[in-house]
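**Q** Per the working numbering, residue 544 is the first one in the sequence shown, and the count goes up by one each step.
Take a look at this one; I'll ask things after.
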Amino acid sequence: MTTTNATPFGFSSTAEEVTEGLSLAGKTMVVTGCNSGIGMETARVLALRGAHIIGTARTEEKALEAFRTLGIEGTPLACELSEPRSAAAAARALVAGGRKIDALVCNAGIMALPERELKHGHELQFLTNHLGHFTLVTRALPALAEGGRVVVVSSGAHMNPPDGGIAFDDLTLANAYLPWKAYGQSKLANILFARALAKRLPSGQTANALHPGVIKTNLTRHIGEAVFDSIDAKMMKTVPQGAATQTLLAAHPSLAGITGAYYADCKVKAPSAYAQDEALAERLWTESERIVDGLLRA
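Here you go:
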């Protein structure tokens, strides 16, 4: 693991500010969930700096509509993360497309579903937020550039997982479903995935995770207004601020070679003890491979 905290940016920095003066001309960057919230802002700013954006959404039309709204050229790509075959197909398209990927920003996700939902026999947040991105990234690695970066959007909610961090004996949380525990498990899985991936990538390629901050976007649609009313306004970020950390990790030259780290407010931060557990990360990787292989064979 290689980390540093040497950035001049912080809580209030925006995606435009952290990329000011950068030229990303000639670079290709993938953003999942490019059609709303901080994913859309990330795509906009990376394109503003000259990158070619491959934007994923649940349908190609949704991604194309986002490009039209933003007024940018790019490559729309369908990737329904809760459908393993869709994620695998998107990965194949990235490899076959011939472009080397300089950054793959795993931004898309769902949050705190009020009721337990299963799809393909798996809890929907874990399936979408973790297994979907695991499928996409691991199968798209042949397209990653020599200095390519994988940026995984996690959350501070990773500090509130089930007992043990990852409930391997009850991954669907059938015995005790709580919306924030389920979300916390999926977000812890994001960090563990980035850590395990960082160990497997060749020198020069990197993988890092991050907490974007507390932002009111479509992702938070299942959260009541009372929750936001209870949060100090000073802790809330705008969408441009919320997109800053992932945009920084995807694009800033000062972070070349930084890998296996967890960022928040554009700085390296210490995640939970579970998130630093190498054995837990390795077990999750092995279990994720087993689950995904089974889903793709089904």
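Where a beta carbon is used, it is the ideal one built from N, C-alpha and C, also for glycine.
Candidates L589, N578 and G553: which alpha carbon is nearest G564's?
**A** Shortest Cα-Cα distance from G564 to any of L589, N578 and G553 involves L589.
**Q** Classify A633 as helix, strand or coil using the three-state DSSP reduction.
**A** Reduced to three states, the DSSP call for A633 is helix.
**Q** To the nearest angstrom, how far is it from the Cα of A630 to the Cα of A621?
**A** 8 Å
**Q** Buried or exposed, going by whether 16 or more other CB atoms sit within 10 Å of the CB of T612?
**A** exposed
**Q** What's the C-alpha gap between A600 and H676?
**A** The alpha-carbon atoms of A600 and H676 are separated by roughly 13 Å.
**Q** Quick check on M778: does DSSP put it in helix, strand or coil?
**A** For M778, the three-state secondary structure derived from DSSP is helix.
**Q** Mind reading off the beta-carbon distance from G617 to I597? Whole number of angstroms is fine, and I expect it under 8 Å.
**A** 7 Å
**Q** What did DSSP end up calling N672 once you bin it into helix, strand or coil?
**A** helix
**Q** What does DSSP give as the partner residue(s) for A600 in the beta ladder?
**A** A621
**Q** Kindly give me the distance between the Cβ atoms of T727 and I581, rounded to whole angstroms, as I take these residues to be in contact under 8 Å.
**A** This sequence places Gly at residue 727; Thr is not what is there. With a Cβ gap of about 19 Å, G727 and I581 do not count as contacting.
**Q** Is the region 634–649 close to the region 680–698, with three or more CB pairs under 8 Å?
**A** yes
**Q** Confirm, please, whether the CB-CB distance from R592 to T557 is below 7 Å.
**A** Between T557 and R592, the C-beta gap is not smaller than 7 Å, which leaves the two residues out of contact.
**Q** Where K759 and T585 are concerned, what is the direct C-alpha to C-alpha distance, given to the nearest angstrom?
**A** K759 and T585: Cα-Cα distance of roughly 16 Å.
**Q** State the start and end residues of the unbroken beta strand (DSSP E) segment that holds E689.
**A** L687 to V696
**Q** Taking DSSP as the reference, what is the three-state secondary structure of E563?
**A** Coil, per DSSP.
**Q** Determine whether the beta carbon atoms of P657 and I734 lie at a separation below 7 Å.
**A** no
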